[in-house]
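Protein chains: 2
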Amino acid sequence: MREAEQPHGAAEPTTASVPPTLADVAALAGVSRQTVSNALNNPALLRADTLERVRSAIAELGYSPNRAARNLRTRASRLIGLRLTAVVDETANPTTDRFVHSLVQASREAGYHVLLFDGDDPDDPASGYDALVRSTAVDAFVVTDTFRGNPQAAHLEASGVPFVAFGRPWKPAALHPWVDVDGGAGVAAATRHLVERRHTRIAWVGWRAQSHLGEDRRDGWARTLRERGLPVEGLAARGDDTPASGYAAASALLDSAAPTAFVCASDTLAAGVLDLLRDRGLGAGRDVAVVGFDDSPFAQLLPGGLTSVRQPLEDVAVHLVAQLGELLARRAPYGTGTLLEPRLVVRGSTLTR
Amino acid sequence: MREAEQPHGAAEPTTASVPPTLADVAALAGVSRQTVSNALNNPALLRADTLERVRSAIAELGYSPNRAARNLRTRASRLIGLRLTAVVDETANPTTDRFVHSLVQASREAGYHVLLFDGDDPDDPASGYDALVRSTAVDAFVVTDTFRGNPQAAHLEASGVPFVAFGRPWKPAALHPWVDVDGGAGVAAATRHLVERRHTRIAWVGWRAQSHLGEDRRDGWARTLRERGLPVEGLAARGDDTPASGYAAASALLDSAAPTAFVCASDTLAAGVLDLLRDRGLGAGRDVAVVGFDDSPFAQLLPGGLTSVRQPLEDVAVHLVAQLGELLARRAPYGTGTLLEPRLVVRGSTLTR
DNA sequence: TTGAAAGCGCTAACAC
DNA sequence: GTGTTAGCGCTTTCAA
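Chains D and G, in that order, give the protein sequences.
Per this note's numbering, residue 4 is the first one in the first sequence, and the count goes up by one each step.
Per this note's numbering, residue 4 is the first one in the second sequence, and the count goes up by one each step.
Take a look at the structure:
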């Protein structure tokens, strides 16, 4: 019986120890536990003076409702699960950091926290998700890699797990809300920018045709050139998302089609193009223009700067969380999609001409 | 009363609906609830055949223990809180992404998940932390910005909240476990690398003296030069962590001290130095060597590559989680610290000479 | 407007 | 080795 050695004053700001409960607050305020709960969740129900008394008791004790108890009762965790995609080649993904940050902020404003996890088993589409759902550890997921038609989203949809996707659906009839960035529009803006700067032979350095994401961006380039009556044929290359691939593509294109500008599907490819220009003694921006995609730190730090398409990730996060809120509230708003426009950030690599 | 329209078989893999509970498993396996709990938490207590029966019942139902209930009972959440530091200037922090990823992975292996949050109020050191602790939403924190002597760590220590720090303590007598990277050793390795490549006038481009982190790195440079009997005086500059600052520093140093190599406190500063070299018509690696710090995507993508010091963030995360585990298990291992050595990644910016 | 009772799903003690 | 009892802290009926 020696465990209950309470300090002198129960109401003083004790360091950690045992956190106060609803009952403690109720006792201090001279009301029932229920009234304290109402003060928290339905303040409108209380009379003004009662509410005030309860609130000062809460403040005095430094009370916060126990999350586990609340979660157990309400069958919700107010947690959003986000699966981190694997780090490729020890290189940080330029968008991940910004996106995660934006999501955390948007979630907080909606009263949610973000729970991070990664898949134990890359072969299993359910990996990570299922356990989290069955154990009611998270209320919903944000899925980030649907564009490549991955099986995870399909699996989630089949299991009836609430989720919203950053990326357009992998099939027309998808039933989940999504938010995406109109990469084609971004690349189109970049291409127009080059046309305005008097470029007529504008090349595309992109990814293999399997990538929806890459085809979307490529379309923005091709579409704009056709609109302006400029040549498209023989001015496009495809490859992996590596500097080496960009390097090789630029080398081949320069020899075969003599473009004066390169639009790239990523900053990584642009880095390879820049590398080749350097090796050929060509000045980026001066002799040949280069545009990247993602506005990564690389684009920002490159001497002279790399013109690049910047995704509005902050807005993406806000929309995702908003859709998640609706999804969790009612069962309704299936089939909603939002397409956001990126913005071209102009720097030295397209300027000095 | 029309809500309880149960499907025919209770044991079939229903989509979402109501997840099975311990009681369902117990019923199916023909044992008590407690036995199922033991099967999960103390399998050694069960007889082999009972265990087998329980396990197959668990598998059949697709059962996962309800997190909220377990958390309520055990007074633990198996969640580690990580506060994301603010995004500066819309630029991603090169280390954040890698570190977060490493932490998620290390945590998973220890049976924890990572909960992300950001401070609502930057002026309040308790911001975010306190609420999460009082509501028992997380078991512990990983604090990442202790090095600059921030008040958060001091506050956490005072409140008795379990946490481990990525960064050395801000005062000698700190009581919390920490893990840090020996930046001085990394810069020393970089400096030795330059000495071996016959450089004798090696400059330092760093941060203001207030930064412990910066002084630690700077020491690695100064120490090495003195060991080798090379000049230190007049070869160092300090400024903000921006390319502009690196540009200005390099410009001034080049005029006043004619160094043939620059060691920088960050890749960001190195970017500025490279920018200046380009403007002066000097080739990085060819005429003047440059070393950065962080091995950011910029360093990896820069044409030719930027030699840079890479922090072992994966190891940092593993050590942090290990210390957290001990801290949470017993109350003992206060005062432990681990210092890890970074690794120099050599690229073109120090090679062609 | 406020209070009393019940129970969410789990595990720590203890009895069998 | 297995079952019984109790209760973690909260919110949702319902009654006063």
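All residues carry an ideal CB built from backbone N, CA and C; glycine is no exception.
Bear in mind that the values here come from a model prediction, so they are computed numbers and not experimental data.
Check: Test: LEU87(D) CB closer than 8 Å to a CB of chain G; Outcome: yes
Check: Residues, ordered as in the chain, of the region 322 to 356 of chain G that lie near chain D by beta-carbon distance below 7 Å; Outcome: none
Check: Assigned exposure category for GLY217(G) - 16 Cβ within 10 Å defines buried; Outcome: buried
Check: Length of the line joining the Cα atoms of GLN37(D) and VAL28(D); Outcome: 11 Å
Check: Distance cut-off 7 Å: LEU48(G) Cβ against heavy atoms of the ligand FMN; Outcome: This structure lacks the ligand FMN, and indeed carries no ligand of any kind.
Check: 8 Å Cβ cutoff, THR18(D) in contact with chain G; Outcome: Below a pLDDT of 50, predicted positions are generally treated as unreliable, and THR18(D), at 42, falls in that range; the measurement from the model is reported next regardless. Closer than 8 Å: yes.
Check: Beta-bridge pairing of VAL208(D) - partner residues as DSSP gives them; Outcome: ALA240(D) and CYS267(D)
Check: Buried versus exposed, by CB contacts within 10 Å (16 or more), ARG211(G); Outcome: exposed
Check: Continuous alpha helix (DSSP H) stretch holding SER259(D): start and end; Outcome: 246 to 260
Check: Where SER214(D) sits in the DSSP three-state scheme; Outcome: coil
Check: Simplified DSSP state of LEU162(G), which is helix, strand or coil; Outcome: In the sequence under discussion, the amino acid at residue 162(G) is Ser, which differs from the Leu named in the question. SER162(G): helix per DSSP, three-state reduction.
Check: Any chain G beta carbon closer than 8 Å to ASP243(D); Outcome: no
Check: Euclidean distance between Cα positions of LEU238(D) and PRO97(D); Outcome: 27 Å
Check: Cutoff 8 Å: HIS179(D) Cβ touching any chain G Cβ; Outcome: no
Check: Interface positions of the region 298 to 310 of chain G facing chain D (Cβ-Cβ less than 8 Å), listed along the chain; Outcome: SER299, PRO300, PHE301, GLN303, LEU304, LEU305, PRO306 and GLY307
Check: Any C-beta of chain G under 8 Å from that of ARG137(D); Outcome: yes
Check: DSSP beta-bridge partners of GLY295(G); Outcome: SER311(G)
Check: Best match in PHE296(G), ALA30(G), ASN44(G) and LEU119(G) for proximity to THR77(G) [C-alpha to C-alpha]; Outcome: ASN44(G)
Check: Own chain residues within Cβ distance below 8 Å of LEU197(D), not counting five before or after; Outcome: ILE205, ALA264, VAL266, ALA292, VAL294 and THR353
Check: First through last residue of the beta strand (DSSP E) which encompasses ASP183(D); Outcome: 181 to 184
Check: GLU8(D) burial status per 10 Å Cβ neighbour count (16 or more: buried); Outcome: The pLDDT assigned to GLU8(D) is 32, lower than 50, so where the model puts this residue is not dependable; a value taken from the coordinates is nonetheless given after this. GLU8(D) is exposed by the Cβ-count criterion.
Check: Pick from GLY223(G), HIS215(G), GLN326(G) and ALA273(G) that is closest to THR194(G), judged by C-alpha positions; Outcome: GLY223(G)
Check: Coarse secondary structure for LEU2(G), derived from DSSP in three states; Outcome: Residue numbering for chain G in the displayed model covers 4 to 356; residue 2(G) lies beyond these limits and cannot be assessed.
Check: Delimiting residues of the beta strand (DSSP E) encompassing ALA143(G); Outcome: 143 to 146
Check: GLY284(G) - DSSP class collapsed to helix/strand/coil; Outcome: coil
Check: Closer than 8 Å to chain G by CB, SER248(D); Outcome: no
Check: Within chain G, partners of ASN74(D) - CB distance below 7 Å; Outcome: ALA71
Check: Buried versus exposed, by CB contacts within 10 Å (16 or more), SER311(G); Outcome: buried
Check: Range covered by the alpha helix (DSSP H) that runs through LEU442(G); Outcome: Outside the modelled stretch of chain G, which goes from 4 to 356, sits residue 442(G), for which no answer is possible.
Check: For THR341(D), the three-state DSSP class (helix, strand or coil); Outcome: strand
Check: Secondary structure of GLY84(G), DSSP reduced to three states; Outcome: strand
Check: Assigned exposure category for ALA14(D) - 16 Cβ within 10 Å defines buried; Outcome: Note that ALA14(D) scores a pLDDT of 33, beneath 50, so its modelled location is shaky; the value from the coordinates is reported in the next line. Exposed, since its Cβ has fewer than 16 Cβ neighbours within 10 Å.
Check: Contacting residues, own chain, Cβ-Cβ under 6 Å from ALA109(D) (five flanking each side not counted); Outcome: ALA320, VAL321 and VAL324
Check: Extent of the continuous alpha helix (DSSP H) run through VAL103(G); Outcome: 97 to 112
Check: HIS202(G) in three-state terms, based on DSSP; Outcome: coil
Check: Beta carbon of ALA168(G) nearer than 8 Å to that of TRP181(G); Outcome: yes
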